[in-house]
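In what follows, a structure is listed as structure tokens, so that the remarks can point back to it.
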Amino acid sequence: MCDTCGCESGDGRITIMKPGQPGHTHPHEDHVHPHDHDHDHEPEYHHEPGHDQGHPHEHQPAQDHDHPRSAGRIISVETDVLQKNNLLAQRNRGYFEAKSMLVLNLVSSPGSGKTTVLERTLNTLKKEKDLFVIEGDQQTTLDASRISATGIPVVQINTGSGCHLDASMINMAVKELNPSDHSVLMIENVGNLVCPALFDLGENFRVVIVSITEGEDKPLKYPQMFMSADVCLINKTDLLPYVDFSMEKVKEYLHRVNPRLECFELSARTGEGFDVWIDWIRKRQST
Amino acid sequence: MHEFSIALNILEIAESTALQHEAPGISEVEVEVGDAAGVNIEALEFAWESAAGASPLLKQSKLAIHRVPLLFECPRCRHQYSPAELDVICPACGEKDSLLVQGRELKVKSVTLMDP
Chain Z
1 MCDTCGCESG DGRITIMKPG QPGHTHPHED HVHPHDHDHD HEPEYHHEPG
51 HDQGHPHEHQ PAQDHDHPRS AGRIISVETD VLQKNNLLAQ RNRGYFEAKS
101 MLVLNLVSSP GSGKTTVLER TLNTLKKEKD LFVIEGDQQT TLDASRISAT
151 GIPVVQINTG SGCHLDASMI NMAVKELNPS DHSVLMIENV GNLVCPALFD
201 LGENFRVVIV SITEGEDKPL KYPQMFMSAD VCLINKTDLL PYVDFSMEKV
251 KEYLHRVNPR LECFELSART GEGFDVWIDW IRKRQST
Chain L
1001 MHEFSIALNI LEIAESTALQ HEAPGISEVE VEVGDAAGVN IEALEFAWES
1051 AAGASPLLKQ SKLAIHRVPL LFECPRCRHQ YSPAELDVIC PACGEKDSLL
1101 VQGRELKVKS VTLMDP
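Chains as they are written, first to last, in my numbering: chain Z, 1 to 287; chain L, 1001 to 1116.
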């Protein structure tokens, strides 16, 4: 069974590929599982941060107090359910930090214009910065082909039936991509406002994109995503004259769930408002 | 659908505990799920049935889910409140920057091992 999405069979296998080259799949069983077999029952805390993939045995990473009872023993575990992903995300983060990279995780619902925002961002910045892209989609390399047309190195992750990218996929994709020091890596997550909110990839900033055609109430309907984001791009402002949409209201809702969220209004189609967003990136990655 | 991968993560933590203690099986797994954890409890229960059903150690186990309600604290007046939905506006003083101090929990509390 696939650890990422729970799929039973091959159609959920993760594929990592570069445009124009055959991809290779990473079925769950093929993942590398470096691990020790050290059965050390003594320590209360036993962290093994070198584990990047699912392995259902060996070590218990948190407190582990035995409380013998007649009807079975209750073992206190107190372990974060997402600790495996979180540990690997921190490993990614350490790698990015050592290379002085800026890493952005772009999340949104499908159709909000993530890829168009990305294309314009890359085209605007490519003369002054080393850029790299990881594309996440359930199927197809359509987005990676669009990015590849900008001349930027890109790796596509197809998650199969998986609804989000996780830290292990980023770990694998980064090895393929081999990004340079002081570069900017932009990760386009799977279009979904729910699941990617839970999975830290090791990014520096999470950027949520919401388009004005989606209505103002997205932040209230999907609060986890907006709560976990650092920046919100309000896209498709060129359509404001044609859509019943209140900028004031959406900002009120955004700040109701996350008062620290930085918001930029822009149109990826016309480029309106892009200079502020591009400046934001420049300030965070001044090479 | 990320509840399935959540269920598998829970399963993995429970299985490793059982193996470490050389238990023949697990009768119950106790988890805490905060209201702001981004997990749908019904979906998690559904996912657990098929995930645990496929595991020899957890086939007969029960997933006991404890919901953790939201709790905000206002940084200005220290008022604590539990809204039904995420809301950073303090109902006591109107400050718009309350911190979520409880409700993001997503952890395995304990597992009950079957006797050998």
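Positions of the beta carbon are idealized from the N, C-alpha and C atoms, including for glycine.
Scanning its chain for C-beta atoms nearer than 6 Å, with the 5 sequence neighbours on each side dropped, one finds around residue 120 of chain Z the residues 268, in chain order.
Nearest C-alpha to residue 286 of chain Z among Z:96, Z:102, Z:19: Z:102.
Rounded to whole angstroms, the separation of the alpha carbons of residue 149 of chain Z and residue 114 of chain Z is 16 Å. Between residue 1088 of chain L and residue 1032 of chain L, the CB-CB gap reaches or exceeds 7 Å.
Taking a beta-carbon distance threshold of 7 Å, residue 1006 of chain L counts as an interface residue toward chain Z. Interface annotation, residue 1107 of chain L: in contact with chain Z, CB-CB separation under 7 Å.
Non-local beta-carbon contacts of residue 264 of chain Z in its own chain, meaning distances under 8 Å to residues more than five positions away in sequence, involve 231, 232, 233, 234, 273, 276, 277, 280 in chain order.
DSSP places residue 178 of chain Z outside both helix and strand once states are collapsed to three, so it counts as coil. Look at residue 243 of chain Z here: in three-state DSSP terms it is coil, with no helix or strand label. Contact between the stretch 209-216 of chain Z and the stretch 88-103 of chain Z is absent, with fewer than three C-beta pairs closer than 8 Å. Judged by beta-carbon spacing, residue 1006 of chain L lies within the 7 Å limit of residue 81 of chain Z, meaning their Cβ atoms are closer than that value.
Taking CB atoms only, residue 164 of chain Z has a neighbour in chain L less than 7 Å away. Pairing residue 129 of chain Z with residue 284 of chain Z, the inter-Cα distance amounts to about 12 Å. Against chain Z, the beta carbon of residue 1082 of chain L has no neighbour under 8 Å; the closest one sits roughly 15 Å away. Contiguous alpha helix (DSSP H) elements confined to the stretch 78-141 of chain Z occur at 83-98, 114-125, taking only those with 4 or more residues. Residue 1108 of chain L is a Cβ neighbour of residue 1013 of chain L, given a cutoff of 7 Å. Using a CB distance cut-off of 7 Å, residue 1101 of chain L does not count as an interface residue toward chain Z. Across the stretch 1054-1088 of chain L, CB contacts with chain Z closer than 8 Å involve 1054, 1085, 1086, 1087, 1088, in sequence order along the chain. Residue 73 of chain Z and residue 1026 of chain L have their C-alpha atoms some 9 Å from each other.
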